[in-house]
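Asker: Here's a structure for you.
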Amino acid sequence: MTPHEPTDRAPQWERLVSTALVGTARRTITTPPGLPERTESAAALLDLAALDTVRTRAGYTEHTATPIASDEPDPRPEVGEAATHRLDLVLDHRSELLPEWLGLVVRSGRRVPHSRLPDLLERAARDSVLRPAVAAATGTRATWLAGFNKAWAFVTAEPLPGDVFVDEDWEKGTFGQRRRALFALRAQNPAKAHELLAKTWPHERKGEVRRGLLDALEPHLEVEDAPLLDTALDDRNANVRGRALALITRLSDSAHAHRLRAHLREHLRVAPDAPRPIGVDYLDTTRADLLRDLALATPEQGVRPDIERWERTKVLVVHAPLDVWTDRFDTDPAGVLDLVEDHPELRDALVESVCLHQDAEWARAVLDHAELGLPHMFQASVHKLNRPRIRSLLATLPPAERCERMLAALEQVKKHRTLGHALMAAETPWTRELSEAVIGRLLDPLDLTVPVNVPDHRALAEAITAYMPPEHLDLLPEQPPYEEEAHTYLRLRDALRFRLDMHKELS
Amino acid sequence: MVGTSAPPGAPEALGLSPVLPSVLFVSDRWSTDEVWALAPDPSSRKAALKVAKIGSWPERGTIPAEGGGDSAVWGECKGSGAKPYLAAVHLDGGRGPAYKCSCPSRKIPCKHVLALLVLWAQDSVSEREDRPEWVTKWLFGRQARAERAATGAPAAVDPEKAAATLRAREESVGRGVEELRVWLHDQVDAGLAEVPRLGYEHWDRMAKRLVDAKAAGAATLVTQLPQRGGDDHWPDLLLERLAMLHLLVDGYLARDEVDERTRAVLRSRVGISIRSEEVLASGERVRDTWRVLGHRDGLTPDGMRVRRTWLRGIDTGRPALSLTYAQPSQTPQSPFRSGTEVEGELAFHPDGRRAVRAGRMTERPLSRPAGETIAQALDTYAEALAIDPWLDTWPVVLADAVPARDGGWYLADRDGAALPLEPGDLWRLLAITGGGPTTVIAEWSPRTGLAPMTLWDDEGKAITL
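If you read the sequences in order, they're chains S and L. According to numbering that gives the first Met the number 0, the stretch in the first sequence is residues 0 to 506, in order. According to numbering that gives the first Met the number 0, the stretch in the second sequence is residues 0 to 464, in order.
Put into structure tokens, the structure is as follows:
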């Protein structure tokens, strides 16, 4: 906004300014009747200028402006004063806890104080990971505010649990409003949402819009959605094709799934006497239908290294339903993993397929496997730790089982640092038993080399800070168990206490 | 001083009753926000957070005030050294809180004091019967000084001597102002077209002459004359400022022919200040319940921080301005807290606007004022300008104000009149009001617009910006 210049100045003001610029030695000014005569013409000019200046200030007249459309009051109660203060501390010093704080607010059915909205929206504008949580905790007022500030428009596109489908939003709204409307309808009436999307699909010109609308199918994904997703596999936009493949892969009964089964069976080679009894043929890249079902681009002509050909073949192994393997060899998942033991690349592709399909039975087989299993994954060095794989295999299991498995695996991990990184990779809250075991390791004198290895120790403390439920704070004695790293230990206790207070304030 | 706790009853041995009689100002426990508002800078806030832990303060307590609430908070903070840092805050010292800490930090308040106050605000410090000797000594000393000031001040001002001092000062200033008059005429005679090419020394020389003549106010106005930054409006702004200086010069030189109040305004604008003791001894006293409308911070030309706290009497409707200054590294401490109203007496400077608190005051949460329309607010400002044409900021209390737009952002009243908003707190204002009508207290400046200070949210809660 520009400073507000008084525009309704008397016309003689311009003349005063121009005379002052030239100088009263060269040009004089006549005193209007009613003002005292001055002998010095400088004083005469300044008299008039002062008169005009004071008159302009005192005679400042109001403007007119159109009041903006106001927002409805948010029916959710505001969080308490203590929680508000906690938010300020989090924003200032512990921004890593912001997602947790926002999550607690949403769960408590309350809302962030309006006065903190600009701060939170600024954060989310810079960090897109925060956006869904900020949108949910700030609610309708943030959406309303974003109407006046383009930099915050992202918040209008985030679907919220209380959203209601409004026809007008869907028909005439911005992309964000349409996407939200579709999400809202999907929650109420999945079939109707699918129908609307199918109807509009051929008319959506922008790839990013099609990609964004496709997301709405993800909740309540059903086999009825498969034909539309199948169409999307022909999309001219690669992102849309990729998203469609990711979604359709989850539907094991679709026509697409049946085609992938057929493709895989066709490529499977079994030769009991060969060094590798089981293998998968490289894909035939002239087969347009095959490439299309896997959302693969037609490769350029020329000499292709084997590794590239295997990468393409792997896409088939990863996306095809896993039952092809158990049916073909008439065994359980563990049996399949044993059968392919001489083909590490294939076995690796199968594990990836398990992660993608989120199949608990297969995940257990992988986690129990002697060579691949969780203890083995946990012991990998920090650089080789396969974090996404650990997280996604464990994610298929109920939380208690995840912790049991982690508990069993952690005994075999020697270094605190490796353990810390492995526990971070799991990204799951701990059971009491797991907390006890991890704290046991932190305090175990046998575990402590002297002098204490500082980075190792800190890595473990970091994992405890992030994933141990704060109500397990009582497991940590008040006094640090060793002098060398007392600071890290006290910081750990402080952070957990901080989280504990945060949970109490928002329970 | 060693921080050993005196046994209960020790204060009586010193001749002090356990409850100090100097209680003038009853304060409720503050919110943590109010404590953080005292932090001189963000780094002291960070540092304070590190020591704001119960474990760092093995000894701590509050001393109750006569009428309820707390009179003082004290604590001993375990530091890195062998001796603890001794920190205390006198909450009701009469002119806002006073701090003490044995640490070497030059920041006021230091991190220990802030940390102690935060713990207190969070209800982690409770009343203790016994207190260490250093606390008792400090509070006793403060009380004794306050009593000396209260009984001794009026006698110290000898009316005849004071009048003579003032006359001498006025004459000295008068010589400087006469020089300024000639200088102003020279500028206008020679023409302002050359101004963008003039160096800083051109203005500085005149400003220094005025400082020597003890006319600091006029000197400030001179240093504000040059316009840098290539704004197209520089000739307008420069002529306006020269004209306002000219008005001050003419007025001052004719000071014997104007009424008492105008003369006081001229004196204060030119830079003849008056000590608070004098104001307390002979200034006009007005008793009322004063709403603390809010505050705005600024910088003086010599880099000091200044806080303008605006008040308005509920019964008298009288506006009052409290000015407090601080070093650049400190936050000015106003004796009035935003978001409250205080009942008691103010002593006014001769200009009838600036005021200091005079003695006992009770504090309550701020009640919602009825408010006025924009036209009424502008009228009041115009009336104030008639007495003090140099007044560039003015508090306005707008009823049913709504955010509005016309290119830029405005605040409109229910008659449809609107004033431009200063953009600083725009988003918070919008977020809190949701565009609905509410009472907004703002500082108005015709040059920069409305700067909101306090407003009420949907639930009727006062929020200080």
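The C-beta atom is built at its ideal place from N, Cα and C for all residues, glycine as well.
Since ARG390/S contacts ALA425/S with CB under 8 Å, what's their CB separation in whole angstroms?
Answerer: About 6 Å separates the two Cβ atoms, so the contact holds.
Asker: Would you decide whether PRO388/L is buried or exposed? Buried here means 16 or more other CB atoms lie within 10 Å of its CB.
Answerer: PRO388/L is buried by the Cβ-count criterion.
Asker: Out of curiosity, what's the CA-to-CA distance linking ALA254/S and ALA152/S?
Answerer: Distance between the alpha carbons of ALA254/S and ALA152/S: 39 Å.
Asker: Three-state secondary structure (DSSP) at SER321/L?
Answerer: It is a strand residue.
Asker: Could you check whether the Cβ of SER30/L sits closer than 8 Å to any Cβ belonging to chain S?
Answerer: SER30/L counts as touching chain S.
Asker: Can you tell me which of TRP289/L, GLN223/L, THR330/L and GLY302/L puts its alpha carbon nearest to the alpha carbon of ILE315/L?
Answerer: One detail in the question is off: residue 315/L reads as Thr in this sequence, not Ile. Selected option, being the one with the closest Cα: TRP289/L.
Asker: Counting only beta-carbon separations shorter than 8 Å, does HIS486/S have a partner in chain L?
Answerer: Closer than 8 Å: no.
Asker: Buried or exposed: ILE271/L, going by 16 or more other Cβ atoms within 10 Å of its Cβ?
Answerer: The residue is buried, with at least 16 neighbouring Cβ atoms inside 10 Å.
Asker: DSSP three-state label for LEU183/L, please.
Answerer: LEU183/L falls in the helix class under three-state DSSP.
Asker: For ALA400/L and ILE28/S, I'd like the C-alpha separation in whole angstroms.
Answerer: So the two alpha carbons sit approximately 44 Å from each other.
Asker: Using three-state DSSP, classify ALA154/L as helix, strand or coil.
Answerer: The pLDDT assigned to ALA154/L is 49, lower than 50, so where the model puts this residue is not dependable; a value taken from the coordinates is nonetheless given after this. Helix.
Asker: Per DSSP, TRP289/L is paired with what?
Answerer: TRP289/L pairs with GLY312/L and VAL341/L.
Asker: Given that VAL395/L touches chain S, what residues does it touch there, using C-beta distances under 7 Å?
Answerer: By Cβ distance, chain S contributes nothing, its closest Cβ being about 11 Å from VAL395/L, past 7 Å.
Asker: Taking its Cβ as the centre, do 16 or more other Cβ atoms sit within 10 Å of TYR488/S, making it buried, or is it exposed?
Answerer: By the 10 Å Cβ count, TYR488/S comes out buried.
Asker: Say whether chain L places a C-beta atom closer than 8 Å to the C-beta of PHE147/S.
Answerer: Taking Cβ atoms only, chain L reaches closer than 8 Å to PHE147/S, which makes this a yes.
Asker: Would you tell me roughly how many angstroms separate the C-alpha atoms of ARG353/L and THR464/S, rounded to the nearest one?
Answerer: Each residue's alpha carbon lies about 53 Å from the other.
Asker: Grouping DSSP H, G and I as helix and E and B as strand, with all else coil, what is PRO364/L?
Answerer: DSSP places PRO364/L in strand when its eight states are reduced to three.
Asker: Report the partner residues of TYR488/S according to the DSSP bridge assignment.
Answerer: Partner(s): none; TYR488/S has no beta bridge.
Asker: Exposed or buried, SER328/L, counting other C-beta atoms within 10 Å across all chains shown (16 or more means buried)?
Answerer: Exposed: under 16 other Cβ atoms inside 10 Å.
Asker: Please return the same chain residues whose Cβ sits closer than 7 Å to the Cβ of ARG386/S, not counting the five positions on each side in sequence.
Answerer: The answer, listed in chain order, is ALA424.
Asker: What is the C-beta distance between GLU61/S and LEU418/L, in whole angstroms, given that I count them as a contact (C-beta under 8 Å)?
Answerer: With 8 Å as the limit, GLU61/S and LEU418/L qualify as a contact, their Cβ atoms being about 6 Å apart.
Asker: Buried or exposed for TYR199/L, please, with buried defined as at least 16 other CB atoms from any protein chain shown within 10 angstroms of its CB.
Answerer: So TYR199/L ends up on the exposed side.
Asker: So with Cβ pairs under 8 Å, would you call HIS502/S a contact of chain L?
Answerer: So, not an interface residue.
Asker: Residues in the region 14 to 35 of chain S with C-beta within 8 Å of chain L's C-beta atoms, listed in sequence order?
Answerer: Cβ contacts with chain L come from LEU15, VAL16, ALA19, LEU20, VAL21, GLY22, THR23, ALA24 and ARG25.
Asker: Which residues, in order along the region 365 to 396 of chain L, keep a beta-carbon less than 8 Å from a beta-carbon of chain S?
Answerer: Per Cβ criterion, the list reads ILE373, ALA374, LEU377, TYR380, ALA381, LEU384, ALA385 and PRO388.
Asker: Taking just the CA atoms, how far does GLY74/L sit from LEU138/L?
Answerer: Computed Cα separation, rounded: 14 Å.
Asker: Apart from the five residues just before and just after GLU504/S, which ones in its own chain have a Cβ nearer than 7 Å to its Cβ?
Answerer: Here the set comprises GLY79, ALA81, ALA82 and ARG85.
Asker: Are there 16 or more other CB atoms within 10 angstroms of the CB of GLY278/S, so buried, or fewer, so exposed?
Answerer: GLY278/S should be labelled buried.
Asker: Sort LEU183/L, MET205/L, ALA51/L and GLU239/L by Cα distance to VAL53/S and report the nearest one.
Answerer: Of LEU183/L, MET205/L, ALA51/L and GLU239/L, the residue nearest in Cα terms is GLU239/L.
Asker: What do you reckon, are the CB atoms on GLN121/L and THR31/L nearer than 8 Å?
Answerer: In contact: GLN121/L and THR31/L (Cβ atoms closer than 8 Å).
Asker: Which residues in the same chain have their Cβ closer than 6 Å to the Cβ of GLY107/S, if we skip the five residues on either side of it in sequence?
Answerer: Contrary to the premise, residue 107/S reads as Ser rather than Gly in this sequence. Once the five neighbours on either side are set aside, the close Cβ partners of SER107/S are LEU505.
Asker: So, LEU345/S versus VAL339/S, is the Cβ gap smaller than 8 Å?
Answerer: Cβ distance < 8 Å, so LEU345/S and VAL339/S count as in contact.
Asker: Beta-carbon within less than 8 Å of ARG284/L's beta-carbon, same chain only, minus the 5 sequence neighbours each way: which residues are those?
Answerer: Around ARG284/L: GLU344, LEU345, ALA346, PHE347 and ALA357.
Asker: Leaving aside the five residues before and after LYS213/L along the sequence, list all residues of the same chain whose C-beta is less than 8 Å from its C-beta, in chain order.
Answerer: Cβ neighbours of LYS213/L beyond the five flanking positions: ARG168, SER171, VAL172, GLY175, GLY270 and ILE271.
Asker: Taking only the alpha-carbon atoms, compute the straight-line gap between LEU196/S and LEU259/S and give it to the nearest angstrom.
Answerer: Their backbone Cα atoms lie some 25 Å apart in a straight line.
Asker: Compute the distance between the beta-carbons of TRP429/S and MET376/S, then report whether it is under 8 Å.
Answerer: Taking 8 Å as the Cβ cut-off, TRP429/S and MET376/S do not qualify as a contacting pair.
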